[in-house]
Amino acid sequence: MRNELRSTALEELKEAAACLTNPALEEWKSQGGKVIGCMYHFVPEEIITAAGAMPYRMRATGSTGTELSEARFTQVNCSFVRHLFDSGMRGDQAFLDGVVSANNCDHVRRLYDNWVAKVPTGYSHFLVFPKKSGPEQVGAYRMRLAAFRESLEQHFGVEISDEKLRAAITLHNQSRALQRRLYELRRSATPPITGAEALAVMVAGTCIPRERYHGLLKQLITDCAGAPGIDAPARVMVVGGELDEPAFIEAIESQGGLVVTDMLGYGYRACAKDVGTDGDPLTALARYQVLERPADPRLFGRTTEEREHYITRAVEDFGVEGVVSVRLMQCDHWGFEQTNLMRSLRKRKIPYLALEIEYVLGGVGQLRTRAQAFLESIVEARNV
Amino acid sequence: MSDTPAGTPASAPATKRGLERFRMYAEGKRAMITMIEESPDPNPVLLGFFKLMLADDERIVDCIENDKPLLSTWYGNANEICAAMDIQAYCLVDNILHLGPTQEDLDGMDAVPIPADMCGLIKMGAYAVEKGLVPVPTAMIAMLEPCDAQSALHEAWMNTPGWEGVPTFALDPAYGATGWDYDYFAGELRRMITFLEDHVGRKMDWDRLREVIEATNKQYEAWAEYNECRRAVPCPHPSSFPTSDLCWGLTQHIVAGQPEVVDVITMLAGDAAAKVKAGVAGVPGERIRILWADLVPFWHGPLSEWLASEWQANVVMDFQGYTPYEHIDTSTEDSMLVGLAKRCLNEVPMIRQARGSVDAMIEDITRITKDYTCDCVIFPGHVGHKDQSASVGFLREACRDLKIPLLILTVDNFDPRFTPIEELSRQIFEFFEAHGLGEGR
Amino acid sequence: MIVAGVDLGSATGKAVILDDDRILSMHVVRSTIKPEKTGLLALEGALKEAGLASPDRLDFIMGTGYGRRSAAFISDNMSEITCHARGAFWWQPTARTVVDVGGQDCKVISLADDGRVATFVMNDKCAAGTGKFFEMMARTFDCSLDEFAELSLQSDKPAKITKQCSVFAESEVITLINEGIDQADIAAGLVDSIVRRLIAMIHRVGLEPKLVITGGCAKNEGLVRGLERALGQEILRLPAPQLAGALGAALFARDKAAKAS
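Protein chains in written order, with our numbering: chain A, 1 to 384; chain B, 1001 to 1441; chain C, 2001 to 2261.
Next comes the structure, spelled out in structure tokens:
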């Protein structure tokens, strides 16, 4: 899908999303800045920022194989962990000064165990994240966050005061607010950017130092104001886990549909809500992760309500005509969620396409065929 | 609980979900009991086992027929508490697994719209609810451990027609094995009790809980005695699979704390002890002693038979049978709840090895291979155990340090079609041959 | 208004020419290595049968199939899913589930009451359940596809085929032949294994009667009857199931041409 928007800010953001490192990150490192890899989204990046380090969401972008993972994982493990571990073993992630993970899923929690055992890492920490959402779980998670803070303080010889934490929360909330503004622009009948571009912008937000990112995002939002906009034959939403590859969205959009919003880990789930700024900051972070941030299937008990809410929002606010869900093969969480989505969307008579992919995008022709058929069905339904 | 499962023709009479199936399960067990009783040498252990399992099915049928409270729960959810509150519980995959899925069940499983790469047990759970093979419960306790699919499965049930609105409480499993973890989970158990009081209408009887736990303490002691016998060389009984199924079934899959369970397991242990004394080998000419590093596979029969007849190989222990149980202190409410928390987190097969870090699995393998004088470890690589499959590197290192051969397979413990027995036996054959196992004993 | 639909599959190229509501001609060719060439051969054959001198007589040419984007002579393209659905529905308006078993992929499409695609699943990642599988097996049996299908119908005791992968299934078949298992039983077992795979896909989409089969493998009566037995219902036959995709493409071509005029 062609976009006539000319924006150097967008180009820089897209380049950052397409590589593991970027000039801004390298400059940060050259000035002695530390970079802490986060294996998943349950890691509250604010604490790392408050420690004076840069949080970085780990990806295996550019990975071409999983040979070095074969000794530690089997075919039953998802391609994300296999590629990421392979990437680590090859030294592609050597720019990281540490890694933090959580018991996000069965694959990732063992990825952490294997990583710490085999990849030279520096600092490492494992966060236990509750499996369900409730007040007791907020308390339990706050305790974990306190231990995380202490561990960072000890390792890096810094003090992470509540004041610093509040400042970090404010900074990250600013990112989220800017990202939400970008999403709002996509409500228009002719959105200024494609879904692939939007995902690239969101992924870039996890690998560029925050101030630089804010500057680029503000510039992009300004550039969007003057954009001709994209005429989309069909408006769709993508729902899924931690998709970090804009090429997947491009494959869908190449067939005539425009992805105008999403519910993705790197996407809208990451910016929908702000962390509270009242009271104890660690409690605010724990509440955000356990109770407030849009839930994904990893967190038991909130998904059904959330799903109904975001579908309604997508249809009413974004004019979404069809939903595409994406699942990494071997992912149990999203395996069931795709079925739950199917049931919910069928009740509402909203066209739905469920796709399964591997982490490194292959079989693009096959993806396009499915996307084409799906988009054709949306257009046909309109003609009825 | 009167309703009609999805897909039932309009002309069919209204039926209660699960009734037909559970009556069938009960009938099947009655038939087994009759067969055993009429055999020339009735096995008292099997007789005791089937009678206890039948009694549980009959109670469930009674609940369905008479609209009595029925709780859907799992083996890792402290069923001692249900027993103390006089709540009849069921685990909805139990009978399908114990009796074995029919071809119709396997085909039905394939028809459930969830990905093929998920665990067979999970698929069966989804299928059983979708097809109305199990009753819609009064309430549900979700077990969110040990794996991702457990959590997702419960959420899917809550979205299945007929099951929407079933009051549900999920136990949040702690990740570690510290005092804090047990206290936290004990807190979850307290909240579960409140939930059950509110939604099932039964009150917790702490004295009854004490009795139940004390009975289970005795059960696990008896089981430990049995396991002790299996350490003998030669092992007095054949493959651990049937006895692990039996003991786990009686201790965690029926109403908890029945004294008769102690009797059955004690008989089993007594028989084993007598055979140890007499030097009897469960597999005559035992040559290879195997640790099966996972739960008992549903299709264990043909595998055990082939191992014994072709190789004089005996699965002397598996993860399901091994789990070490601690005596629970019943002096106070708190000590009982903390003890139950420990049991749920550490002492349920599979949950023990899968729930937290990789350490528990490696420790168990280290301990079992030494205690049971194993010649090799077979790691089945069950497709549902994603975390364990991502532990193969640690497994290899541990077995290398133990100087014990390791075979890594990929199977579905609950679906015999995934890796057919012919393929399994070929891989095991090559493994035994390559390592010279069984030679020179 | 005369239009054409061209289905550029991996195994065969198909073309259908429509004159408003009337099928003027249908033609099938074996695929060449170049989809454009295959398309032209199929179209030439259909034009000849229709008594038309050249493609210039056509108001619109719609392409479908895996090679649809590679043929310059095509006016526009649509997915084979949508085209198979349209073609099958045109022939059988009571059809609600379309099972397409092609050369290198298979799909199940659920239709709305007006014939639009409601939902679908595809298997295009492995050869099991496709024409490729049957070709391999027929080669193993040293017979033609038709003979293989006929052989499978002679058995009432299908052998159990355990391998899901076509490559491994081939070696399993050789083992069974060497063990003296009746070849008809083996052939029936192979068909049975494909039926199971298709049944799983059908259930994922949700079986709504009536059911039709499209694609080249619809000619395999062993497969069709196997499916009927497994599903417990009659499968509607189409006049030329292999051409359903091309017909659907032609119908869409007609719509486009009408809009343009």
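All C-beta atoms in this analysis are idealised placements derived from N, C-alpha and C, irrespective of residue type, glycine included. These numbers come from a predicted model, not from an experiment.
Unbroken beta strand (DSSP E) run spanning residue i, endpoints
i	result
residue 2107 of chain C	2106-2111
residue 3 of chain A	Looking at the DSSP string, residue 3 of chain A is not in any beta strand (DSSP E), and its letter there is neither H nor E.
residue 356 of chain A	352-357
residue 1292 of chain B	1288-1292
residue 55 of chain A	54-57
residue 94 of chain A	Careful: residue 94 of chain A lies outside any beta strand (DSSP E) and carries neither H nor E.
residue 1068 of chain B	Per DSSP, residue 1068 of chain B belongs to no beta strand (DSSP E) and is neither H nor E.
residue 310 of chain A	Counting along the chain, residue 310 of chain A falls outside any beta strand (DSSP E), though it belongs to the alpha helix (DSSP H) covering 303-318.
Residue-chain proximity (residue i, chain A), Cβ-Cβ < 9 angstroms
i	result
residue 2261 of chain C	no
residue 2081 of chain C	yes
residue 1431 of chain B	no
residue 1012 of chain B	With a pLDDT of 43 at residue 1012 of chain B, under the threshold of 50, the predicted position of this residue should be treated as unreliable, though the coordinate-derived value follows. Chain A contact via Cβ: absent.
residue 1293 of chain B	no
residue 1122 of chain B	yes
Under 7 angstroms from the C-beta of residue i: neighbouring residues of chain B
i	result
residue 2203 of chain C	1110, 1111
residue 265 of chain A	Near residue 265 of chain A there are no residues of chain B at all, since even the closest Cβ is about 15 angstroms away, more than 7 angstroms.
residue 342 of chain A	1113
Within-9 angstroms CB hit, residue i to chain B
i	result
residue 2190 of chain C	no
residue 2181 of chain C	no
residue 2200 of chain C	yes
residue 2068 of chain C	no
residue 315 of chain A	no
residue 300 of chain A	yes
residue 111 of chain A	yes
residue 93 of chain A	no
Amino acids of chain C, ordered along the chain, whose beta-carbon sits closer than 7 angstroms to that of residue i
i	result
residue 373 of chain A	2079, 2081, 2082, 2117, 2120
Interface residues of chain B facing residue i [CB-CB closer than 8 angstroms]
i	result
residue 25 of chain A	The contacting residues do not exist; residue 25 of chain A stays about 29 angstroms from chain B at best.
residue 220 of chain A	Simply none; closest approach about 36 angstroms.
residue 356 of chain A	1115
Minimum C-alpha distance to residue i - residue among the options
i	options	result
residue 2097 of chain C	C/2186, C/2087, C/2105, C/2104	C/2087
residue 1082 of chain B	B/1254, B/1421, B/1160, B/1270	B/1254
residue 181 of chain A	A/168, A/201, A/303	A/201
residue 1412 of chain B	B/1400, B/1123, B/1102, B/1155	B/1123
residue 1415 of chain B	B/1261, B/1267, B/1252, B/1300	B/1300
Within chain A, partners of residue i - CB distance below 9 angstroms
i	result
residue 1205 of chain B	Those do not exist, as residue 1205 of chain B stays about 25 angstroms from chain A at its closest Cβ, beyond 9 angstroms.
For residue i, the first and last residue of its enclosing alpha helix (DSSP H)
i	result
residue 1314 of chain B	It is not in any alpha helix (DSSP H) - residue 1314 of chain B instead sits in the beta strand (DSSP E) that spans 1313-1318.
residue 1140 of chain B	Note, residue 1140 of chain B: premise wrong, no alpha helix (DSSP H); beta strand (DSSP E) at 1139-1143.
residue 235 of chain A	Segment 234-240 is the beta strand (DSSP E) holding residue 235 of chain A; no alpha helix (DSSP H) there.
residue 2201 of chain C	2183-2205
residue 2015 of chain C	It is not in any alpha helix (DSSP H) - residue 2015 of chain C instead sits in the beta strand (DSSP E) that spans 2012-2019.
Any chain C beta carbon closer than 9 angstroms to residue i
i	result
residue 1341 of chain B	no
residue 1427 of chain B	no
residue 1116 of chain B	yes
residue 1105 of chain B	no
residue 229 of chain A	no
residue 335 of chain A	no
residue 11 of chain A	no
residue 363 of chain A	yes
residue 270 of chain A	no
Contact set between residue i and chain A, taken where Cβ atoms lie within less than 8 angstroms
i	result
residue 1147 of chain B	106, 332
Interface residues of chain A facing residue i [CB-CB closer than 7 angstroms]
i	result
residue 2320 of chain C	A query on residue 2320 of chain C cannot be resolved here, the shown segment of chain C reaching from 2001 to 2261 and no further.
Partners in chain C for residue i, counting only beta-carbon separations shorter than 8 angstroms
i	result
residue 369 of chain A	2066, 2079, 2080, 2081, 2122, 2124
residue 377 of chain A	2082, 2116, 2117, 2118
Contacts of residue i in chain B (Cβ-Cβ under 9 angstroms)
i	result
residue 324 of chain A	Within 9 angstroms Cβ-Cβ: nothing; residue 324 of chain A doesn't reach chain B, min ~16 angstroms.
Practice problem: Scan the segment 1200-1263 of chain B and note each continuous alpha helix (DSSP H) run of 4 residues or more that stays entirely inside, going in chain order. | Solution: 1206-1230, 1240-1252
Exercise. Please specify which runs of the beta strand (DSSP E), each continuous and at least 3 residues long, are wholly inside the segment 237-292 of chain A, giving them in chain order.
Key: 257-263
Quiz item: What alpha helix (DSSP H) runs, 4 residues minimum, are completely inside the segment 360-384 of chain A?
Solution: 364-383
Quiz prompt | Complete alpha helix (DSSP H) runs within the segment 1085-1162 of chain B (minimum length 4 residues, chain order) | solution = 1094-1099, 1103-1111, 1120-1130, 1148-1158
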